[in-house]
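Numbering (my numbering), first residue to last: 6 to 400.
Take a look at the structure below.
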Ligand SMILES: CC(C)(COP(=O)(O)OP(=O)(O)OC[C@H]1O[C@@H](n2cnc3c(N)ncnc32)[C@H](O)[C@@H]1OP(=O)(O)O)[C@@H](O)C(=O)NCCC(=O)NCCS
């Protein structure tokens, strides 16, 4: 078996059959193949690796070059996708080998972190990944927001086809990348596919001409559902403007279904406001995303919760294993190698969970991602306070 990196236009004859068999209705048609081949222009910057034997492709993995905000620092990120093995070659360790090589290569290409959507989290858990929150949905009738119809808000909302509003929408995502923990975006090559593809509306909220919020949506039928994408806002005014716009769909749609960040609390959007907030995870189709550090230096510069230091040993990981001193000073973390005895032992999933703010040190231990004594629990909890990331990009 040989592992080989392939160019985007080779994917159609190598990865397409594996991916389509794994993820799509099949058998596929020639038209499906042609559609895929045309899309490969948007995959020029993707790193694609395949495992071959006797000229046959047995498995493939890929990583999109992306960027992600982790506690205030924007890192290059490897967005892993297209993971599939031919059914007769499964359980031979092919994807494990491909993923090991992919993670190493993406780190060499400068990616400090990685994220993916798993079919089964325990599979990627073995590769050092740890879960972060899945996007929530809020489902409500527009009547519930009727108080906003009477509110005089200092801004306006414009409705456009996504293709027309794309530049403003995209600029807002780039602004949120700078501000919002966990937020991630594709590179320009991949992003340009979204400008053309889906037939969606976008509502853009502005105050004094500045974009303060945007949301994509479509309407399934008169009296039916208005199905919206992620509610992207720079703050409460952007949210109020977009919700006011949705409130104006009273009598036109029965329900609004909107994707929201885990930090949103929709029941506080109105008085007498009936709303169902859901975070549904089911496997294999709707797994919560997972993340990991690819380089320990990813910790440098992250917002620190306290002026503290702690020594840790990261174990069982080729990319980030070692002993480190982690220090919080002037509000930022710094990491350096050390020979000192560690106060805590962490797996890659354990240190990644702390860095992303999803697990407390006690939870790191109860989940089996590390061991430590009382003082280290307090220090790590102070350095890495809980801060739920909002991943945004679906891939
Ligand atoms: C999931 C899939 C990619 C696994 O590929 P594979 O080449 O068989 O995986 P490997 O043989 O390298 O397995 C790596 C490890 O995961 C385990 N594993 C494999 N498939 C698993 C599964 N379905 N559930 C849990 N563990 C699994 C293996 O036992 C092995 O464990 P080990 O390293 O401790 O021995 C393959 O089954 C597939 O193509 N499935 C359909 C598409 C899909 O779901 N892709 C993933 C999208 S996120």
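Just so you know, even glycine gets a beta-carbon here, dropped at the ideal spot from N, CA and C.
Express the C-alpha separation of residue j and residue i in angstroms, rounding to a whole number.
{"i": "residue 4", "j": "residue 58", "result": "The structure shown has nothing for residue 4, since the chain only spans 6 to 400."}
{"i": "residue 320", "j": "residue 345", "result": "15 Å"}
{"i": "residue 189", "j": "residue 85", "result": "13 Å"}
{"i": "residue 205", "j": "residue 330", "result": "49 Å"}
{"i": "residue 255", "j": "residue 148", "result": "6 Å"}
{"i": "residue 308", "j": "residue 220", "result": "29 Å"}
{"i": "residue 285", "j": "residue 163", "result": "31 Å"}
{"i": "residue 200", "j": "residue 383", "result": "47 Å"}
{"i": "residue 67", "j": "residue 52", "result": "5 Å"}
{"i": "residue 97", "j": "residue 103", "result": "12 Å"}
{"i": "residue 386", "j": "residue 289", "result": "33 Å"}
{"i": "residue 229", "j": "residue 222", "result": "13 Å"}
{"i": "residue 311", "j": "residue 192", "result": "34 Å"}
{"i": "residue 203", "j": "residue 293", "result": "23 Å"}
{"i": "residue 11", "j": "residue 90", "result": "16 Å"}
{"i": "residue 379", "j": "residue 350", "result": "13 Å"}
{"i": "residue 208", "j": "residue 30", "result": "33 Å"}
{"i": "residue 233", "j": "residue 107", "result": "34 Å"}
{"i": "residue 298", "j": "residue 152", "result": "45 Å"}
{"i": "residue 258", "j": "residue 175", "result": "27 Å"}
{"i": "residue 120", "j": "residue 87", "result": "13 Å"}
May I ask you to report which of helix, strand or coil DSSP gives residue i?
{"i": "residue 329", "result": "strand"}
{"i": "residue 291", "result": "strand"}
{"i": "residue 313", "result": "coil"}
{"i": "residue 397", "result": "strand"}
{"i": "residue 25", "result": "helix"}
{"i": "residue 334", "result": "strand"}
{"i": "residue 109", "result": "helix"}
{"i": "residue 286", "result": "coil"}
{"i": "residue 54", "result": "strand"}
{"i": "residue 405", "result": "Absent from the model: residue 405. The displayed extent of the chain is 6 to 400, so no value can be given."}
{"i": "residue 16", "result": "helix"}
{"i": "residue 299", "result": "coil"}
{"i": "residue 308", "result": "strand"}
{"i": "residue 46", "result": "helix"}
Any heavy atom of ligand 2 within a distance shorter than 7 Å of the CB on residue i?
{"i": "residue 27", "result": "What this structure holds is ligand 1, not ligand 2."}
State the start and end residues of the unbroken beta strand (DSSP E) segment that holds residue i.
{"i": "residue 70", "result": "61–75"}
{"i": "residue 81", "result": "78–90"}
{"i": "residue 324", "result": "Residue 324 -> no beta strand (DSSP E), and no H or E assigned at all."}
{"i": "residue 96", "result": "Element bounds for residue 96: n/a, residue is neither H nor E."}
{"i": "residue 337", "result": "337–342"}
{"i": "residue 346", "result": "Neither: residue 346 is in no beta strand (DSSP E) and is coded neither H nor E."}
{"i": "residue 9", "result": "7–11"}
I need the boundaries of the alpha helix (DSSP H) containing residue i, first residue and last residue.
{"i": "residue 350", "result": "Residue 350 -> not in any alpha helix (DSSP H); beta strand (DSSP E) instead, spanning 349–352."}
{"i": "residue 34", "result": "That residue, residue 34, is in no alpha helix (DSSP H); it is neither H nor E in DSSP."}
{"i": "residue 377", "result": "Looking at the DSSP string, residue 377 is not in any alpha helix (DSSP H); the run it does join, the beta strand (DSSP E), is 375–377."}
{"i": "residue 368", "result": "366–371"}
Give a yes or no on whether 8 Å exceeds the smallest Cβ distance from residue i to chain C.
{"i": "residue 285", "result": "The question asks about chain C, but that chain is absent: this structure has only one protein chain."}
* Output the residue ranges of the beta strand (DSSP E) runs that lie fully inside the stretch 117–190 and measure 3 residues or longer, sorted by chain position. => 118–121, 141–145, 161–166
* Tell me, please, whether the stretch 270–281 touches the stretch 25–40 by the rule of three or more beta-carbon pairs shorter than 8 Å. => no
* At which residue ranges does the stretch 197–273 contain complete alpha helix (DSSP H) runs of 4 or more residues, listed in the order of the chain? -> 241–252
* Taking three-plus beta-carbon pairs below 8 Å as touching, is the stretch 169–180 in contact with the stretch 128–135? -> no
* Within the chosen definition, does the stretch 148–160 reach the stretch 243–250 through at least 3 CB pairs nearer than 8 Å? -> yes
* Pair every Cβ in the stretch 113–124 with every Cβ in the stretch 339–356, then say whether three or more of these pairs are closer than 8 Å. => no
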